[in-house]
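Undergrad: In terms of the working numbering, the sequence shown has 231 at position 209, counting the first letter as 1, and numbering is strictly consecutive. Think of the CB as a built atom: it goes at the ideal place given N, C-alpha and C, for glycine as much as any other residue. Predicted model only: the values in this text are computed from it and were never measured.
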Amino acid sequence: MIYSRRLAPTLLVYLLALGLLVFSFLLAISLGAANIPLDEVWRLLFHPEGSNNALIVHTLRLPRAIVAALVGACLGVAGAMMQGITRNPLSEPGIMGVNAGAVLAILVALVFFPGLPPWSTVVVAALGGVGAAALVYSITLSVGLTPVRLALAGIAVGSMLGAAASFLLIIFEDRTRGVLFSLSGSVAGRTWEHVWTLLPWAVPALLLALILSHQINLLSLGEDVARGLGTRVEVVRLVSTTLAVLLAGAAVSVAGPIGFLGLMVPHAARGLVGPDYRQVIPLSAILGASLMLLSDLAARLIDKPLETPVGILIAGIGAPFLVYVARRMAVRD
């Protein structure tokens, strides 16, 4: 009876979150420079035809919406995993410098290894993210590992790597032409090619994150408790961190750096279903996808037919949220 009482609110949260995701997905396809009624969008998704609206839905907006949803899910889950692994509520790919490292690695590959196949972009981005995260941890360990110091080190490393990326953009302008808008954090112009680039990495990584959620639960209780329960802490931390960086790298490889989404979404998920990462991780995927879809929609509508990079909009919400979380931590301490 007690278990069923706890399960009912969680199921309700999931049902509402899934409803929001479906509505956001349909709305992202419906609205834009040319608006298409929702009922027509639903019909065209399952019964395509030769009309202009069908062309808009299947060629332009559907792949863009799928990419946005996958990017949001990847960043939301990556943020949740990082916060659980480090027991740091300020952790997320952008703040930890992972996004900046991924962008720099992509630019280096574009400038010096232009012949690499498209699928390798995700691997390159992940390697850049791993390098950035390792640098952040090494800096923080030398002065004492605390959540605020980790966040400050991540911001500093991210700024340094961002400056290096800007240097490459300026010096090798002829080779990096056309990527500046993407590196602002955007899913504009994303096609089925981007979907097939992202999908083989994102879906298995998200499933693995669900499988590891119980181990992340144990890590979030502290190393001593986790070891006492038979967890191989170093192995779990290494695998989980690599997976989180891969998720972030996959998102950055097709959408550029989108900061703060991985910070906000896990906090919202924990507020709705509690601290159990078996619930937090899947809900973070759903909420992250919904937030990304709605933010991208807003980016299209603010100054249509022109587009605002979605990363700028999310940063406008996320930066104050970062300050709020940091102040709340300071009050507790």
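#1: Assuming contact is defined by CB atoms lying nearer than 7 Å, are residue 209 and residue 124 in contact in what I supplied?
#2: Using C-beta distances below 6 Å, list every residue in its chain close to residue 87, excluding the 5 sequence neighbours before and after it, in chain order.
#3: On the CB-based measure, 16 or more other CB atoms within 10 Å of its CB, does residue 39 come out buried or exposed?
#4: What does the alpha-carbon distance come out to for the pair residue 256 and residue 243?
#5: Distance, Cα to Cα, residue 61 vs residue 41?
#6: Specify, as a first and last residue, the run of the alpha helix (DSSP H) that residue 97 falls within.
#7: Rounding to the nearest angstrom, what Cα-Cα distance links residue 63 and residue 331 in this structure?
#8: Using a Cβ-Cβ cut-off of 8 Å (strictly less than) and excluding sequence neighbours within five positions of residue 305, which residues of its own chain qualify?
#9: Please name the residue in 109, 142 and 230 whose C-alpha comes closest to that of residue 170.
#10: List in chain order: all unbroken beta strand (DSSP E) runs of 3+ residues lying wholly within the region 181-267.
#11: Near residue 212, what residues of its chain come up, given a Cβ to Cβ distance below 7 Å and the 5 sequence neighbours on each side ignored?
#12: What residue range does the alpha helix (DSSP H) around residue 143 cover?
#13: Could you have a look at residue 337 and say whether DSSP puts it in helix, strand or coil?
#14: Identify which residue in 151, 133 and 149 has its Cα closest to the Cα of residue 188.
#15: Skipping 5 residues on each side, what residues in its chain have a beta carbon closer than 7 Å to that of residue 183?
#16: Could you name the residues of the same chain whose beta carbon sits closer than 6 Å to that of residue 268, not counting the 5 residues immediately before and after it, in chain order?
#17: Helix, strand or coil, according to DSSP, for residue 269 in the structure here?
#18: Helix or strand or just coil, what does DSSP make of residue 278?
#19: If we count Cβ pairs, one from each stretch, closer than 8 Å, do we get three or more for the region 173-183 versus the region 249-263?
TA: Concretely, from the data shown:
#1: Not a contact, by the Cβ cut-off of 7 Å.
#2: For residue 87, where only same-chain residues beyond five positions count, the Cβ hits under 6 Å are 47, 50 and 51.
#3: Burial call: buried.
#4: Going by C-alpha positions, residue 256 is about 15 Å away from residue 243.
#5: Computed Cα separation, rounded: 16 Å.
#6: Boundaries of the alpha helix (DSSP H) harbouring residue 97: 84-108, taken from the DSSP string.
#7: When rounded, the distance between both Cα atoms is 25 Å.
#8: Beyond the five residues adjoining it in sequence on each side, residue 305 comes within less than 8 Å, by CB distance, of 35, 36, 39, 291, 294 and 295 in the same chain, given in chain order.
#9: That would be 109, whose Cα lies nearest to the Cα of residue 170.
#10: With a minimum length of 3 residues, no continuous beta strand (DSSP E) run stays inside the region 181-267.
#11: If you ignore the 5 residues before and after residue 212, its C-beta comes within less than 7 Å of the C-beta of 85, 86, 89 and 276, all in its own chain and listed in chain order.
#12: Its alpha helix (DSSP H) spans residues 142-165.
#13: The three-state secondary structure of residue 337, taken from DSSP, is helix.
#14: The candidate whose alpha carbon is nearest that of residue 188 is 133.
#15: So the qualifying residues of the chain are 119, 122, 123, 126 and 154.
#16: Answer for residue 268: 148 and 227, listed in chain order.
#17: Three-state DSSP puts residue 269 in a helix.
#18: The three-state secondary structure of residue 278, taken from DSSP, is coil.
#19: The region 173-183 makes no contact with the region 249-263; the number of CB pairs closer than 8 Å stays below 3.
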